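Scroll down for the structure; my scribbles are underneath it.
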Amino acid sequence: MAEYKKAIFAGGCFWCMVQPFDTLPGVKSVISGYTGGHKENPTYEEVCSHTTGHLETVEITYDPDKMSYEKLLSYYWQVVDPTDEMGQFQDRGETYRPVIYYNDETEKALAEKSKQELADSGKFDKPIVVAIEPVQKFWPAEDYHQYFYQKNPLRYMMEEAGGRADFIEKHWSKNN
Numbered sequence: 366m367a368e369y370k371k372a373i374f375a376g377g378c379f380w381c382m383v384q385p386f387d388t389l390p391g392v393k394s395v396i397s398g399y400t401g402g403h404k405e406n407p408t409y410e411e412v413c414s415h416t417t418g419h420l421e422t423v424e425i426t427y428d429p430d431k432m433s434y435e436k437l438l439s440y441y442w443q444v445v446d447p448t449d450e451m452g453q454f455q456d457r458g459e460t461y462r463p464v465i466y467y468n469d470e471t472e473k474a475l476a477e478k479s480k481q482e483l484a485d486s487g488k489f490d491k492p493i494v495v496a497i498e499p500v501q502k503f504w505p506a507e508d509y510h511q512y513f514y515q516k517n518p519l520r521y522m523m524e525e526a527g528g529r530a531d532f533i534e535k536h537w538s539k540n541n
């Protein structure tokens, strides 16, 4: 039986962070939730009020024999704007800032290495500002947020139209 691991990433609206990871081989689940704040078991409304300190995040459960942490990091960089530290695309504010949460010093080193490699690549003309922070308690979001892209495909497409899909195409298409 596989020994699953967990990774927690913040990258703006959690609805838009589930689908890219959910479709990867070796990923068992991608749960929308909240991390980083002071309020226990926050609600969506509380997090949206920007008073809890929480960020919208995803908790990815994966099989490290089929999907490495390094590969998850590589995918992460391709679904966020790593040059925007105060939100992602149309979602603005602290709740939506991009963060890689690490579980141990090995993950921290891998995250820092991948961030530096992206900076050195010259792909972006602004600094790479994604924070790398120690993991904190993850609180799953309400059921109606889970796998939103499957439950509400039209609303999900509207969220993606908020700039994320175009940004990804511009910076990560095979021609760039």
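Numbered per the numbering used here, the sequence shown spans residues 366 to 541. Glycine is no exception: its CB is placed at the ideal position from the N, C-alpha and C atoms. Quantities reported herein were computed from a predicted structural model and do not represent experimental measurements.
Assuming residue i contacts residue j under a Cβ cut-off of 8 Å, what Cβ separation, rounded to an integer in Å, is found between them?
i    : j    : result
A476 : Y399 : Going by Cβ atoms, the distance from A476 to Y399 rounds to 20 Å, so no, they are not a contact pair.
E424 : F503 : 5 Å
A375 : V464 : 4 Å
T417 : H403 : 7 Å
My output table needs one value for residue i: the three-state DSSP class, helix, strand or coil.
i    : result
A506 : coil
D374 : First, the residue type needs correcting, since residue 374 is Phe and not Asp in the sequence shown. It is a strand residue.
C381 : helix
N541 : Confidence at N541 is low in this model, with a pLDDT of 48, below 50, so its placement is unreliable and the value that follows should be read with caution. Reduced to three states, the DSSP call for N541 is coil.
Q443 : coil
Q501 : coil
D531 : helix
V412 : helix
E482 : helix
K393 : strand
Y461 : helix
D387 : helix
H536 : helix
For residue i, which residues of its own chain have a beta-carbon under 6 Å away from its beta-carbon, when the five flanking residues on both sides are left out?
i    : result
Q443 : W537
N541 : Confidence in N541 is poor, its pLDDT being 48 and thus under 50, which makes the residue's placement too unreliable to answer from.
H510 : S397
Buried or exposed: where does residue i fall if 16 or more other Cβ atoms within 10 Å of its Cβ makes it buried?
i    : result
Q481 : exposed
S479 : buried
F386 : buried
F513 : buried
Y566 : Outside the displayed span of the chain (366 to 541) sits residue 566, for which this structure offers no information.
Closest to residue i by C-alpha separation, out of the options, would be which residue?
i    : options                : result
P492 : V500, L389, L483       : L483
Q453 : S433, T422, T426       : T422
A496 : Y441, Y369, D490       : Y441
A530 : V500, V395, V445       : V445
M451 : C378, K535, E368       : C378
K436 : P499, V494, F489, V392 : V392
N406 : S394, V395, L420       : L420
S486 : K516, Y434, S439       : S439
G401 : D469, H510, V412       : V412
T448 : D508, Q511, D490, H510 : D490
Within its chain, find whatever has a CB closer than 7 Å to the CB of residue i; leave out the 5 residues flanking it on each side and keep chain order.
i    : result
Y467 : K473, A476, I497, P499, V500
Can you list, in chain order, the residues of its chain with a C-beta nearer than 8 Å to that of residue i? Leave out the 5 residues immediately preceding and following it.
i    : result
H415 : G458, E459, T460
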